[in-house]
Every structure is written in C-alpha cells, then in structure tokens.
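Just below is one structure, and these are the notes that go with it.
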Amino acid sequence: MDSYRTEEEQVEAIKKFFKEYGTKVLVAVVVAAGAFFGIKSYQHNERSDREAASTYYNRMVEIVPAQGAVSDEDQPVFDAAYAALLKDFSDTTYASYAAFFKARMDVTDGNLDEAEKTLRWVVEQQVNDELVGLANLRLAKVLAANEKAEDALALVKQPQGGFASSYAETEGDILVQLGKNEEALTAYEKAEALRDGRESMTSRLLTMKIDSLKEGQQDKLHAFGASSEEAEADKNAE
C-alpha cells in the first residue's frame with residue numbers, strides 16, 4: 000500500500016509540476032528546438048551558397064582559353080555567371096576571385112578604367128583582409144599603368160593582408176615610373192628583406208631590379224609583374 004501511495008504521490012507531484020511550469024517548459028523546448036534547427040538551416044543555406052558560387056566561378060574559368068579571350072559564343076555565359084556572382088554571392092570569396100579574373104582580362108584588353116572599377120568593388124565588399132589587401136595591391140598597379148602613379152603610390156604606402164613584400168616591390172616599380180630611382184632602390188631592398196627566403200622566379204626578378212638600379216640600368220626593369228605572394232593567393236582560388 001505504501002508503494003502504491005508513493006507512486007500515486009509521484010504522479011500527483013508531476014501533474015502539479017506541469018500545471019505550474021508546463022507552459023514555461025514547453026516554450027523553452029520550442030525555443031531550443033527552433034535555435035537548433037535554425038542553425039542547421041543556416042549552415043545548410045551557407046553550404047548551398049558556397050556550392051552555387053563555386054559552380055558559377057568554375058563556369059567562368061572553364062570557358063576562358065589559355066590566350067585569355069572569351070569567344071563570342073561563350074561571352075553571354077561568362078557575363079551571366081559573373082553577374083550572378085556579384086548580385087547573389089557578393090560576400091563569398093568566389094565573387095572576389097571572379098572579379099580578379101575579370102579585372103585581369105580587362106587589363107589584357109586595355110580596359111584599365113573597367114579594371115579599376117572592378118578592383119574597387121572587391122575592396123568595398125570587405126570579404127576578408129587578404130582579399131582587400133590583394134585588391135588594393137592590384138588596383139595600385141592598374142592605377143600606375145593608367146597614368147595615376149601618385150594615387151597608386153598612396154595605396155601601397157599602407158600594406159594589407161600579408162602582402163608587405165609585394166607592396167614594397169610595387170612601390171619601387173611606381174617610384175621607377177616617377178623617375179625616383181634612389182627611393183625605388185630603397186623600396187626594392189625593403190621588399191627583399193621582407194621575403195620569406197623562398198626562391199622563385201619573382202624573387203629572382205626582384206634581385207634583377209635591385210642590380211639594375213645599382214648599375215644604373217633602370218631601362219631594363221620590367222615593372223608591375225605578379226609577385227610570389229600574389230601567385231600564392233591566386234592558387235587559393237583553385
């Protein structure tokens with residue numbers, strides 16, 4: 000009988016608990032479940048966005064031949080993929096790398112104003128520090144090539160995104176363009192000191208720039224090439 004009474008009391012206690020706190024418990028469960036499924040839904044949507052952005056980006060890259068010119072037949076496909084990335088996936092790295100890709104093609108075609116506009120768009124998106132740093136570095140080169148050397152010089156005075164050596168080297172290139180060879184040599188030597196020590200074609204090119212200035216043969220310099228840091232950043236998009 001005592002056992003029965005104990006069970007009966009337990010049942011009554013449970014009934015009383017739910018009568019007093021049942022609504023609050025239910026609300027808490029609903030809120031917790033909503034948060035859980037909300038996070039799952041967000042993660043799913045974020046993954047879907049990345050996959051869609053990747054598809055558009057790869058579509059752009061695949062239809063561009065080695066010589067860099069899109070055929071008349073493929074141009075609408077290229078333009079549609081690029082427009083979709085900028086419109087619907089502007090906060091992804093794929094959109095920024097697509098803009099880099101487009102800017103490089105514009106430079107090849109001599110459309111420096113369009114390349115400048117595209118690179119400024121990347122800076123405005125502020126996706127991450129590395130992309131902003133890379134965009135400003137390439138923007139400086141485009142400005143210098145478009146007879147805006149002073150504007151370009153102002154950009155490279157403030158290195159961003161882990162490209163300190165490349166910024167210093169580009170500063171040297173711009174100073175050579177402005178005829179300030181002594182300052183250019185200082186910038187090149189700074190760039191060399193900031194390198195991580197790895198040998199590459201671009202590091203050897205930097206050494207050639209330094210030697211050429213020291214020997215008074217600045218006419219042999221080939222400015223505004225891609226640095227090893229830029230090349231490494233481009234690999235991250237693949």
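Take the sequence shown: its letter number 109 is residue 108 in numbering that gives the first Met the number 0, and every next letter is one higher. Think of the CB as a built atom: it goes at the ideal place given N, C-alpha and C, for glycine as much as any other residue.
Alpha carbon to alpha carbon, how far is residue j from residue i? Give it in angstroms, no decimals.
i	j	result
ALA34	SER47	Per-residue confidence for ALA34 stands at a pLDDT of 43, beneath the threshold of 50, marking its modelled position as unreliable; the derived number appears in the next sentence. Taking the straight line from one Cα to the other gives about 20 Å.
GLY160	ASN135	10 Å
LEU130	LEU212	31 Å
ALA68	TYR81	15 Å
Is residue i helix, strand or coil when you go by DSSP?
i	result
LYS101	helix
GLU61	helix
LYS208	helix
ALA68	coil
ARG194	coil
PHE77	helix
GLN176	helix
GLN159	coil
GLU113	helix
Should residue i and residue j be called a contact, given that it needs their Cβ atoms to be closer than 8 Å?
i	j	result
ALA283	ALA97	Because the chain here runs from 0 to 237, residue 283 falls outside it and cannot be looked at.
ALA139	THR91	no
GLY171	ALA148	no
ALA52	PHE88	yes
ASN145	LEU174	no
Comparing alpha-carbon positions, which option in the options lies nearest residue i?
i	options	result
GLY132	LEU212, VAL69, ASN57, TYR166	TYR166
ALA143	THR117, GLN176, LYS116, GLN125	GLN176
GLN74	ALA83, LEU84, VAL63	VAL63
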